[in-house]
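In UniProt numbering, the protein residues as written are 1 to 124.
From the three backbone atoms N, C-alpha and C, an ideal C-beta is built for every residue, glycine too.
Worksheet for the structure shown next.
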């Protein structure tokens, strides 16, 4: 029997990239509280998406995941970037490049589906 909870979890958005971006832009030496990070990430996501809901629980879970992975550090209730600025720049360039490639791939596959879908519908 297949567990459906795991399938639903894969479709939830991941907010770790946005959290890292917000922490870097806030430039607080001692780190930022989860409340400030939550507010800033919420505003950033609203600006990027312009629609849809932002789930604060998912942002909090992403903070915990970031600490577990070593990407973020938590001390006295404040979060800082676990990477130095050079490593973060490498990470950003790598994720940006792969995100662009994924977008072009999906556009290509959509075009192929449209072309094959039209040809299949006209014949029958």
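Boundaries of the beta strand (DSSP E) around residue 75: 72 to 75. Counting C-beta pairs with one atom in each stretch, the segment 64 to 74 and the segment 37 to 44 have fewer than three that are closer than 8 Å, which means they do not touch. Under DSSP, residue 93 shares a beta bridge with no residue. As summarised for the segment 8 to 44, the continuous alpha helix (DSSP H) elements at least 4 residues long and confined to that stretch are 16 to 26, given in chain order.
Collapsing the DSSP output to three states places residue 61 in a helix.
Residue range 78 to 81 is occupied by the beta strand (DSSP E) that includes residue 81. The Cβ-Cβ distance between residue 80 and residue 19 does not fall below 9 Å.
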